[in-house]
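One structure is given below, encoded as structure tokens.
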Amino acid sequence: MAELSETSMLHPGVTVNKPVKPSYLRNIRKHWMLYVMILPGILFYIIFKYIPLGGSVIAFQNFQIMKGIWNSPWVGLDNFKFIFTYQDFYHVLRNTALIAFYKLVIGFPAPILLALMFNEVRKMLAKRFLQSLFYLPHFLSWVVVGGIVFEVLASGGFVNAVRGWFGFEPILYMQQEQYFRPIVVLSSIWKEVGWGTIIYLAAISGIDPTQYEAAVMDGANRWKQTIYITLPALFPTILILFLLNIGNFLELGFDQVYNLLTPMTYSVGDIIETYVYRSGVLQGQYSVTTAIGLFQSIIGFILLWIFNRLAKKTGEGLW
Amino acid sequence: MKQTFGEKCFQIANYVFLTAAAFTMILPLLHLLAVSLSSPVAADSKEVFLWPVGFTFASWKHILQSSGLWQSFGVTVFITVAGTALSMLFSVLTAFPLSRREFLLRKQVMLGIVITMIFNAPMIPFFLTVRELGLMNSLWSLLIPGVIGTFNMVILRTFFMSLPKELDDTARIDGCHDFRILFQIYLPLSKPVLATVSLFYAVGYWNTFQRAVLFLRDPGLWPLQMKLRAYLTSPEELAQVNMFLGDYNFNTTTLKAATILFASVPIILVYPYLQKYFVKGSLLGSLKE
Amino acid sequence: MRRQLTQKIVPLLLSLAVLLVAGCGASTPNAGSNEGTAGKGNSGAVKVKVFKSHMGIGSLPAADDPHVKYIAEQTGVQYELITTPPGSEPSEYLNLMIASDELPDILRPIGGVEQTLIQQGGALPLDELLPEYAPHVWESIPQEAWDIVRSASPDGKIYYVPKVFLVPERAPLIRKDWLDKVGLEMPKTEAEYVELLKAFRDKDPNGNGKADELPTSGREFGRWMDHLFAIYGVAMWEGYPEWDEYDGKIQYAGTTDNMREAIKFIRMLYEEKLLDNETFLNKGEVWQAKINNNLVGSWYHLPANVRDRYNAMLTQAPDAYIAAMPLPKAEGFEAFVTQKSMGEPEWMIPAAKQENAPNALKLLDFFYNSENDEFVRFGLEGEQHEVKDGRKVIIPPADNKPLALGMKNLTTADDMNKRIEETYPADQQQMVKDMFKVSTADARQIAGDGLPASVYEGYPDIQSHKLFQEVLTKIVIGELPLEAYDEYVKKWNASGGEAVTRRVQEWYEKVKK
Numbered sequence: 001m002a003e004l005s006e007t008s009m010l011h012p013g014v015t016v017n018k019p020v021k022p023s024y025l026r027n028i029r030k031h032w033m034l035y036v037m038i039l040p041g042i043l044f045y046i047i048f049k050y051i052p053l054g055g056s057v058i059a060f061q062n063f064q065i066m067k068g069i070w071n072s073p074w075v076g077l078d079n080f081k082f083i084f085t086y087q088d089f090y091h092v093l094r095n096t097a098l099i100a101f102y103k104l105v106i107g108f109p110a111p112i113l114l115a116l117m118f119n120e121v122r123k124m125l126a127k128r129f130l131q132s133l134f135y136l137p138h139f140l141s142w143v144v145v146g147g148i149v150f151e152v153l154a155s156g157g158f159v160n161a162v163r164g165w166f167g168f169e170p171i172l173y174m175q176q177e178q179y180f181r182p183i184v185v186l187s188s189i190w191k192e193v194g195w196g197t198i199i200y201l202a203a204i205s206g207i208d209p210t211q212y213e214a215a216v217m218d219g220a221n222r223w224k225q226t227i228y229i230t231l232p233a234l235f236p237t238i239l240i241l242f243l244l245n246i247g248n249f250l251e252l253g254f255d256q257v258y259n260l261l262t263p264m265t266y267s268v269g270d271i272i273e274t275y276v277y278r279s280g281v282l283q284g285q286y287s288v289t290t291a292i293g294l295f296q297s298i299i300g301f302i303l304l305w306i307f308n309r310l311a312k313k314t315g316e317g318l319w
Numbered sequence: 001m002k003q004t005f006g007e008k009c010f011q012i013a014n015y016v017f018l019t020a021a022a023f024t025m026i027l028p029l030l031h032l033l034a035v036s037l038s039s040p041v042a043a044d045s046k047e048v049f050l051w052p053v054g055f056t057f058a059s060w061k062h063i064l065q066s067s068g069l070w071q072s073f074g075v076t077v078f079i080t081v082a083g084t085a086l087s088m089l090f091s092v093l094t095a096f097p098l099s100r101r102e103f104l105l106r107k108q109v110m111l112g113i114v115i116t117m118i119f120n121a122p123m124i125p126f127f128l129t130v131r132e133l134g135l136m137n138s139l140w141s142l143l144i145p146g147v148i149g150t151f152n153m154v155i156l157r158t159f160f161m162s163l164p165k166e167l168d169d170t171a172r173i174d175g176c177h178d179f180r181i182l183f184q185i186y187l188p189l190s191k192p193v194l195a196t197v198s199l200f201y202a203v204g205y206w207n208t209f210q211r212a213v214l215f216l217r218d219p220g221l222w223p224l225q226m227k228l229r230a231y232l233t234s235p236e237e238l239a240q241v242n243m244f245l246g247d248y249n250f251n252t253t254t255l256k257a258a259t260i261l262f263a264s265v266p267i268i269l270v271y272p273y274l275q276k277y278f279v280k281g282s283l284l285g286s287l288k289e
Numbered sequence: 001m002r003r004q005l006t007q008k009i010v011p012l013l014l015s016l017a018v019l020l021v022a023g024c025g026a027s028t029p030n031a032g033s034n035e036g037t038a039g040k041g042n043s044g045a046v047k048v049k050v051f052k053s054h055m056g057i058g059s060l061p062a063a064d065d066p067h068v069k070y071i072a073e074q075t076g077v078q079y080e081l082i083t084t085p086p087g088s089e090p091s092e093y094l095n096l097m098i099a100s101d102e103l104p105d106i107l108r109p110i111g112g113v114e115q116t117l118i119q120q121g122g123a124l125p126l127d128e129l130l131p132e133y134a135p136h137v138w139e140s141i142p143q144e145a146w147d148i149v150r151s152a153s154p155d156g157k158i159y160y161v162p163k164v165f166l167v168p169e170r171a172p173l174i175r176k177d178w179l180d181k182v183g184l185e186m187p188k189t190e191a192e193y194v195e196l197l198k199a200f201r202d203k204d205p206n207g208n209g210k211a212d213e214l215p216t217s218g219r220e221f222g223r224w225m226d227h228l229f230a231i232y233g234v235a236m237w238e239g240y241p242e243w244d245e246y247d248g249k250i251q252y253a254g255t256t257d258n259m260r261e262a263i264k265f266i267r268m269l270y271e272e273k274l275l276d277n278e279t280f281l282n283k284g285e286v287w288q289a290k291i292n293n294n295l296v297g298s299w300y301h302l303p304a305n306v307r308d309r310y311n312a313m314l315t316q317a318p319d320a321y322i323a324a325m326p327l328p329k330a331e332g333f334e335a336f337v338t339q340k341s342m343g344e345p346e347w348m349i350p351a352a353k354q355e356n357a358p359n360a361l362k363l364l365d366f367f368y369n370s371e372n373d374e375f376v377r378f379g380l381e382g383e384q385h386e387v388k389d390g391r392k393v394i395i396p397p398a399d400n401k402p403l404a405l406g407m408k409n410l411t412t413a414d415d416m417n418k419r420i421e422e423t424y425p426a427d428q429q430q431m432v433k434d435m436f437k438v439s440t441a442d443a444r445q446i447a448g449d450g451l452p453a454s455v456y457e458g459y460p461d462i463q464s465h466k467l468f469q470e471v472l473t474k475i476v477i478g479e480l481p482l483e484a485y486d487e488y489v490k491k492w493n494a495s496g497g498e499a500v501t502r503r504v505q506e507w508y509e510k511v512k513k
């Protein structure tokens with residue numbers, strides 16, 4: 001490409017970064033374009049994010065839809081009290097945190113691993129074909145996937161058929177508590193892992209091939225190349241995705257759990273979102289659900305704050 | 001290059017695993033295809049697995065002939081193309097300054113943006129805001145309120161930050177200003193991530209549904225997902241008795257299957273096309289020649 | 001280099017702009033034309049905006065739609081139908097309409113919106129308006145129903161027109177042909193019923209040589225197996241315990257001794273594999289497939305909806321025949337089929353639309369006037385129905401066909417008979433009518449009929465029956481002992497059940513009078 005050849009005359013030795021801190025005015029004068037560029041973005045965030053976010057005050061109101069935000073009565077922390085005195089609150093929070101934790105520990109690394117595995121497929125056509133198949137389940141809704149999970153695990157389903165070949169009695173997995181969380185984690189991996197690899201594959205394709213060439217010269221095998229070149233190159237991407245994830249730690253997504261839950265697994269699978277559904281959607285309690293949302297966000301923000309500080313020690317954080 | 005025995009074993013295991021897993025990923029879609037081509041009786045009786053039983057095109061005919069569907073298809077294609085273009089423009093313009101050390105407000109702005117990602121606005125105030133801006137019942141309501149996806153924007157920013165600093169130092173020596181650094185140096189080097197983020201946006205716009213339900217009253221503006229939802233949400237028990245004695249070769253089960261496929265296959269086809277931007281070395285390889 | 005930049009960017013932006021303008025330009029005339037036609041309307045007719053959710057497939061009728069025009073000629077009121085867009089949550093949609101002051105003139109509330117409107121002063125009292133502007137509505141709905149409506153508001157006024165359904169819609173169904181095959185009579189007692197189920201299990205009534213029969217089955221959350229509860233006199237509505245009189249007081253059926261016995265019985269059926277062991281995992285369509293596939297002998301459903309299932313059965317079992325089962329007697333219990341007939345809100349008028357209320361009621365009255373029955377049922381020829389062999393046949397809905405507004409929701413046994421005759425082939429009509437005969441004989445209107453949802457306010461776990469579903473399913477599958485039921489009753493009371501019961505009893509005092 002034409003413009004590439006022009007920029008390729010760079011001299012890696014030259015650095016002009018100086019730690020001298022220029023005054024704001026001089027900086028703005030020199031880089032005014034950066035400030036112009038970001039203006040539409042900032043406007044967007046103010047108008048469509050911050051202004052509606054102000055509506056969160058209904059968490060401190062008894063919001064009445066006929067009266068609107070301006071005229072609804074203020075109730076202080078009553079809605080939060082209501083949540084924290086809900087007798088199953090601790091239970092629901094625990095279920096949420098546990099599932100979130102498993103999803104993070106097992107579900108988060110899965111696409112990284114898969115991306116590395118794709119990277120080992122040498123035949124270009126096979127690689128592309130496999131990748132394309134892996135991302136298909138992302139387009140199925142949880143209603144559909146939930147139905148599939150129930151049928152695969154039914155007494156006449158695939159899993160029990162396999163057990164049957166070995167002479168085992170069928171197990172009704174979906175109505176046994178101990179299987180619920182693994183099913184949630186595995187089904188979400190199955191559905192989203194291929195989609196999740198896309199970012200990593202893009203990042204892998206950005207790795208300078210000369211690094212691999214040099215490594216091969218030094219006699220490094222594929223395994224060592226993966227450990228010493230690919231993974232470190234992916235690290236910034238992994239870190240950022242981790243931070244983006246952790247902020248929404250307690251938000252598991254209603255659809256999945258709702259579509260997999262049965263009364264027999266309530267005690268391990270009732271999570272914040274399913275509770276919000278019962279109290280908010282079924283009873284129209286906007287104030288309570290907003291309060292719950294605020295609670296989730298505050299926890300998420302604290303976690304993000306902690307991990308962002310840690311991240312800054314190893315490299316770049318989110319801010 | 002020679003492979004060690006261990007590497008060969010790994011290669012074989014890798015292929016076997018990936019192929020087997022990929023197989024499970026495509027089965028549901030093949031099953032839906034078979035159901036959509038089956039007779040309603042067979043479909044309701046769960047006789048269909050991967051091959052249609054009582055083969056018929058009736059469901060597809062019914063869906064494809066329903067008027068307004070192609071208009072919705074057009075709307076969806078339009079918002080997908082226009083939305084992705086707009087989103088990419090705004091996201092790049094926001095991400096780039098946030099990736100620059102020269103932009104002094106970088107940390108504060110970034111923190112402000114991250115907060116909006118964690119704290120979600122309640123629905124009613126969001127709805128009222130969009131309404132106050134006069135975007136109700138116009139396609140702008142699908143494009144503008146979500147024009148920047150924070151996740152995508154952060155991905156772009158991260159990628160910009162990972163580009164070697166030497167790049168713009170040279171550019172600066174050449175006297176390039178910020179706009180030109182972005183459009184002439186950074187963007188051409190960012191093809192994989194631009195392709196990725198475009199894909200994320202495009203899929204998002206293609207699946208636009210919630211906002212359309214909130215903001216669009218005129219059925220002529222409804223995107224595909226909304227139009228097709230009519231078949232997906234027919235309440236089974238609430239529905240009045242099926243009022244008709246005519247013998248139909250489709251029912252909600254077969255229509256649902258056809259609907260899911262029709263609504264997702266076009267966008268699924270985008271990815272294989274974008275994959276060509278994922279070729280290794282497209283970035284720095286060409287740079288260091 | 002500068003030139004190069006502008007060369008690249010400007011066309012990009014330009015084409016983008018063109019694209020956007022073109023796209024939105026294309027959309028505006030569309031929206032405009034709709035409004036244009038609505039504005040013209042029928043000269044002289046007053047416009048009334050009607051909100052009704054769950055309208056199914058079809059387009060919204062314009063002002064020049066023949067159905068709209070016909071009603072406008074008859075009543076002087078031109079209806080403008082507003083409905084929820086496909087896939088939206090109707091109650092959320094209504095709430096947004098309220099929040100943005102875009103209320104219709106008359107609406108069918110959903111998801112408890114009626115209570116929001118009544119409690120926040122947004123509903124118009126109809127006590128005086130109804131007799132004046134909607135006499136047919138006022139007279140055709142039984143007085144008892146109006147009393148229940150009055151009981152649902154704090155000030156005892158009528159804020160909505162209730163739905164009235166005078167036939168039991170649900171019935172225990174059984175495979176008559178299976179009965180004959182195993183050589184047994186219709187069971188009269190619980191013991192005979194169990195014996196019958198055992199025969200279903202062991203004697204291969206579907207004749208495929210496999211022991212794959214599921215004598216009886218239900219659905220996830222313990223739904224649609226009400227017949228098993230009904231034997232023990234438990235008021236049950238599609239798997240949700242209802243409120244009825246027990247020991248002389250109105251109570252939640254889900255905590256009674258009757259329920260305890262019912263659960264004990266169901267647990268036994270499950271253990272003996274007489275109840276489909278996958279009952280609590282059966283999604284709706286899986287359950288339906290089992291019935292269609294000649295696997296289920298006894299179940300609970302809507303006789304009026306049996307047609308598709310029956311036709312599916314016939315493809316594999318040509319002599320299949322479905323009958324309703326009179327409830328078997330259990331010693332010491334009075335079995336009945338739960339019937340809820342009235343009190344559910346059907347139409348209400350927002351207080352802000354008081355001015356147009358007379359017109360809205362005139363429109364509503366048209367539908368309840370028996371002179372218009374034929375039109376309400378069939379609409380216009382060529383639009384809503386066509387005549388085949390001298391019979392009116394309703395044209396199926398289609399995406400591009402305008403919806404026709406219906407406002408009447410009052411079903412009598414007579415209406416039901418007509419509906420069966422319209423929707424079933426001649427040779428199946430008697431079968432379905434017989435089912436209704438049986439279920440009507442067993443049906444009883446429960447004490448909690450018409451109970452407003454507001455009694456549950458603040459206690460979502462009581463309203464959603466979560467605690468009940470958990471204890472029911474776990475005891476039945478053997479995960480918990482039957483004694484866990486007693487603990488559950490205590491927990492239910494402690495988590496708000498007691499408070500809700502008090503509210504229900506207060507409400508009942510008002511209704512009973």
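Residue numbers (the working numbering), protein chains in the order written: chain R, 1 to 319; chain F, 1 to 289; chain H, 1 to 513.
Cβ atoms here follow ideal geometry from the backbone N, Cα and C, with glycine treated the same way.
8 Å CB neighbourhood of residue i in its chain, flanking five on each side removed
i, result
"GLN505/H", "LYS249 and ILE250"
"ILE185/F", "LEU167, ASP168, ALA171 and CYS176"
"ASP44/F", "ASN251 and THR253"
Nonlocal neighbours in the same chain, by C-beta distance under 7 Å from residue i, ignoring five residues either side
i, result
"PRO111/R", "VAL193, GLY196, THR197 and TYR200"
Whole-angstrom C-beta distance between residue j and residue i, which should lie under 8 Å
i, j, result
"SER190/F", "ASN152/F", "So it is not a contact: roughly 13 Å between Cβ atoms."
"PHE249/R", "GLY300/R", "5 Å"
"GLY55/R", "ILE69/R", "6 Å"
Where the beta strand (DSSP E) containing residue i begins and where it ends
i, result
"GLN65/F", "Careful: GLN65/F lies outside any beta strand (DSSP E), inside the alpha helix (DSSP H) at 58-65."
"LYS392/H", "391-394"
Span of the alpha helix (DSSP H), counted from its first residue to its last, around residue i
i, result
"MET268/H", "257-271"
"ASP365/H", "357-368"
Whole alpha helix (DSSP H) elements within the region 140-185 of chain H, 4-residue minimum: 143-151 and 176-182
Counting pairs of Cβ atoms below 8 Å between the region 181-188 of chain R and the region 295-311 of chain R, do you hit three or more? no
What are the start and end residues of each continuous alpha helix (DSSP H) run of 4 or more residues lying completely inside the region 122-187 of chain R, in chain order? 124-134, 142-152 and 158-165
Any alpha helix (DSSP H) of 4 or more consecutive residues that is wholly inside the region 254-309 of chain R: 254-260, 266-269 and 272-276
Cβ contact (3+ pairs, closer than 8 Å) linking the region 147-164 of chain H and the region 324-344 of chain H: yes
The region 258-278 of chain H touching the region 191-200 of chain H, judged by at least three CB pairs closer than 8 Å: yes
Below 8 Å, how does it come out for the region 424-442 of chain H and the region 96-103 of chain H: are there three or more Cβ pairs, yes or no? no
Would you list, in sequence order, the uninterrupted beta strand (DSSP E) runs of no fewer than 3 residues that lie entirely inside the region 206-253 of chain H? 214-216, 243-246 and 249-252
Quick check on the DSSP output: what are the complete alpha helix (DSSP H) runs of length 4 or more inside the region 377-457 of chain H, in order along the chain? 413-423 and 426-442
Report the start-end ranges of each beta strand (DSSP E) in the region 288-355 of chain H that is 3 residues or longer and not cut off at the edges. 296-301, 322-324, 337-339 and 342-347
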